[in-house]
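> Here the protein sequences come in this chain order: R and P. The opening position of the first sequence corresponds to residue 1 in this note's numbering, with each subsequent residue numbered one higher. The opening position of the second sequence corresponds to residue 1 in this note's numbering, with each subsequent residue numbered one higher. Glycine residues also receive a C-beta, built at the ideal position from the N, C-alpha and C atoms. Could you have a look at this structure, given as structure tokens, before my questions?
2 protein chains.
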Amino acid sequence: MTKDPLETNPGNYRLAFENDRVRVLEYTDTPGHVTTEHSHPDSVMITASTFRRRLSSTGKDAEVELPSGAARWVPAQEHSGENIGETDTHAFFVELKEPAPVPPGHRENRLGPAES
Amino acid sequence: MTKDPLETNPGNYRLAFENDRVRVLEYTDTPGHVTTEHSHPDSVMITASTFRRRLSSTGKDAEVELPSGAARWVPAQEHSGENIGETDTHAFFVELKEPAPVPPGHRENRLGPAES
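Here it is as structure tokens:
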């Protein structure tokens, strides 16, 4: 089953821009809203409102409270989110389409077949 | 001379976030302000205010008018910008640190020494 947020939560995520390097999603919701579980690749989140959310992933919860105009790194992950505040959520996700760079030393030390 | 906007226009550009894949800059100015020429790598711009600007690059000008909450691709470029509107500019630039992917066929057809 797809975990693409445009498909899991089409009422909340809107495609704002896309090319071969990035995809930009705009997210909006209202207090009390809970998203279906979905996935994010490595992304930058830019907030456009002040909000408070509970993020749930593999049985663990975390609460986040952010002001408008914040920039946060979202490492690739699957989660669901709940607006537990009294304000609408409004945020942009700049998704990176390229795979993360090979960590230094990875090629030299890797196990398994040689890369073609 | 550096064209890094954090150095050319330190009163307008602020480092909002940085890791090995991206650098996020926050830009602010007031009507009438003109930036020193600077460079952007491939970036996504997210606007946080409505603004009108004149961008100048290699002798050519272009006027842009954007609402708050817009996402725009900024291909790698050098330019200077002037706030020609009546509102402050507020925007975020998500800069991509990785080089653009090699275009299909580029390796096979490239001139010059073999890649190591």
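Output the distance between the C-alpha atoms of P:V94 and P:D42, rounded to the nearest integer angstrom.
9 Å
> Under 9 Å between C-beta atoms, does P:P31 make it to chain A?
This model lacks chain A altogether, as its protein chains are R and P.
> Count Cβ pairs between the segment 21-35 of chain P and the segment 60-72 of chain P that sit closer than 8 Å; are there 3 or more?
Because the criterion of three Cβ pairs below 8 Å is not met, the segment 21-35 of chain P and the segment 60-72 of chain P do not touch.
> Would a check of beta-carbon distances place R:R107 closer than 9 Å to chain P?
Note that R:R107 has pLDDT 49, beneath the 50 cutoff, so the model's placement of it is unreliable and no number is given.
> Does R:A48 get closer than 9 Å to chain P when you measure Cβ to Cβ?
At least one chain P Cβ lies under 9 Å of R:A48.
> Could you tell me the distance, in whole angstroms, from the CA atom of P:I84 to the CA atom of R:P5?
38 Å
> Indicate the three-state DSSP secondary structure (helix, strand or coil) for R:T8 in the structure shown.
helix
> Taking the alpha carbon of P:G11 as the reference point, which residue from P:V34, P:S39, P:R21, P:T2 has its own alpha carbon closest?
Comparing Cα positions, the closest option is P:V34.
> Confirm, please, whether the CB-CB distance from R:E63 to R:R53 is below 9 Å.
yes
> Give me, in chain order, the residues of the same chain whose beta-carbon lies closer than 8 Å to that of P:D21; leave out the 5 immediate sequence neighbours on both sides.
The question names Asp, but residue 21 of chain P in the sequence shown is Arg. Hits under 8 Å: L96, K97, E98.
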